[in-house]
Amino acid sequence: MGKWFLIAAMLGTSPVASAQLFWSTQVQDEHQQGTGHGGGHGHGGPVGYYLRDGAGATAGLWLPTLEQRPLQIAPQDGRAAVRPSGVEYYHALVASRESEGLSEGAVRYISLRGKPSGHSPSELLVAAKLPLEVVPDPLPREHGRYQSRKLATFLVRADGKPLAGRTVALETSHGTRLFANTDAEGRVTFSLPEDFPQIGAGRSANRPGEFRVSVSHRAEGGHRYRTALSADYHVNPDNWQSGLGGKAAALAGFLVGLGVLGFAGRKGARG
């Protein structure tokens with residue numbers, strides 16, 4: 001089993017394929033349900049978030065104030081209509097499910113608009129929302145975002161304490177699977193893959209992908225825990241900014257060259 005897991009990790013495939021509870025902004029069946037991406041910042045209307053494999057799960061919205069509000073999950077497609085809470089910045093979608101011998105959880109941090117809450121996002125990160133939890137370390141700054149070819153670090157906690165030496169998986173909506181182990185402080189770092197099928201020039205030309213970071217843990221006594229953190233990630237803007245920068249530099253050099261030639265021509269005419 002250990003040899004197969006090592007080979008699977010090297011090839012980017014999971015040794016065990018099973019359904020998992022997680023949050024997504026992509027609908028399960030785009031042919032039946034529109035564009036397939038309902039994420040956003042809550043501009044007054046409901047934002048589309050979907051709880052995948054959510055049968056039997058309960059869900060809630062955690063505010064920056066740590067107030068918790070229940071969410072109703074539509075049984076037909078797992079949709080939770082998340083409306084602005086009245087306060088701004090990061091909130092947490094939290095889902096959990098209990099079955100015999102297994103506790104499952106899922107978290108997604110979302111940014112909503114509203115009045116200033118007077119609370120730091122760090123308060124929401126520190127709060128224990130699940131027995132086993134993957135926490136961004138840190139969250140992207142306001143108006144920031146996860147980007148391909150950049151490092152993303154996460155903290156794995158069990159009962160509020162760092163979980164060291166645990167294998168963590170990162171899987172993207174484009175099919176990439178990566179594996180890494182938490183360090184002595186429970187942290188794990190991934191370089192987010194640039195696995196987008198096509199990359200256009202400009203942010204608006206590139207639809208974000210999704211990734212989820214998942215981990216499992218067996219506690220003393222044999223009870224199992226499984227959890228997932230999900231988020232969007234975007235094409236690294238260096239893909240088009242570096243090209244534009246090179247073109248701009250070439251154009252500037254061309255214009256300077258024309259100026260030098262023109263000056264030399266005028267000087268020669270006067271001589």
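For the sequence shown, the residue numbers in the working numbering are 1 to 271. All C-beta atoms in this analysis are idealised placements derived from N, C-alpha and C, irrespective of residue type, glycine included. Predicted model only: the values in this text are computed from it and were never measured.
Secondary structure of residue i, DSSP reduced to three states
{"i": "SER103", "result": "strand"}
{"i": "LEU215", "result": "Just to set this straight, residue 215 is Val in the shown sequence, not Leu. If DSSP states are grouped into helix, strand and coil, VAL215 belongs with the strands."}
{"i": "TRP23", "result": "strand"}
{"i": "ASP238", "result": "helix"}
{"i": "SER204", "result": "helix"}
{"i": "LEU130", "result": "coil"}
{"i": "PRO121", "result": "helix"}
{"i": "THR65", "result": "coil"}
{"i": "ALA164", "result": "coil"}
{"i": "THR182", "result": "coil"}
{"i": "ILE110", "result": "strand"}
{"i": "LEU315", "result": "Because the chain here runs from 1 to 271, residue 315 falls outside it and cannot be looked at."}
{"i": "GLY78", "result": "coil"}
{"i": "GLU210", "result": "strand"}
Own chain residues within Cβ distance below 6 Å of residue i, not counting five before or after
{"i": "ALA106", "result": "LEU21, PHE22, TRP23, ALA95 and ALA228"}
{"i": "ARG272", "result": "For residue 272 there is no data in the structure shown, the boundaries of the chain being 1 and 271."}
{"i": "GLN33", "result": "Unreliable placement is indicated for GLN33, whose pLDDT of 41 sits below 50; the coordinate value is still reported in the next sentence. Only VAL27 meet the Cβ criterion."}
{"i": "LEU66", "result": "ALA127"}
Burial state of residue i (16 or more Cβ within 10 Å)
{"i": "ALA169", "result": "buried"}
{"i": "GLU133", "result": "buried"}
{"i": "GLN147", "result": "buried"}
{"i": "VAL126", "result": "exposed"}
{"i": "ALA184", "result": "exposed"}
{"i": "ARG203", "result": "exposed"}
{"i": "HIS143", "result": "exposed"}
{"i": "GLY78", "result": "buried"}
{"i": "ALA201", "result": "exposed"}
{"i": "ALA19", "result": "exposed"}
Close Cβ partners of residue i (< 7 Å) along its chain, the five nearest in sequence each way excluded
{"i": "ARG212", "result": "PHE22, GLU171, ALA228, LEU229 and SER230"}
{"i": "THR182", "result": "VAL156, LEU163, ALA164, GLY165, ARG166, VAL168 and VAL188"}
Cβ shell of residue i (< 8 Å), same chain only, five flanking positions each side left out
{"i": "GLY56", "result": "ARG97 and SER99"}
{"i": "GLY222", "result": "GLY101"}
{"i": "ALA80", "result": "TYR49, TYR50, LEU51, ALA59, LEU71, GLN72, ILE73, ALA74 and LEU93"}
{"i": "ALA180", "result": "THR167, VAL168, LEU170, VAL188, THR189 and PHE190"}
{"i": "ALA219", "result": "ALA158 and TYR225"}
Bridge-paired residues (DSSP) for residue i
{"i": "SER191", "result": "LEU151"}
Original post:
Between the stretch 61-69 and the stretch 110-120, do at least 3 Cβ pairs fall closer than 8 Å?
Top reply: The stretch 61-69, when compared against the stretch 110-120, does touch it at the 8 Å Cβ threshold.
**OP:** Mind the definition here: the stretch 190-197 touches the stretch 233-244 only if three or more C-beta pairs lie below 8 Å; say whether that holds.
**Re:** yes
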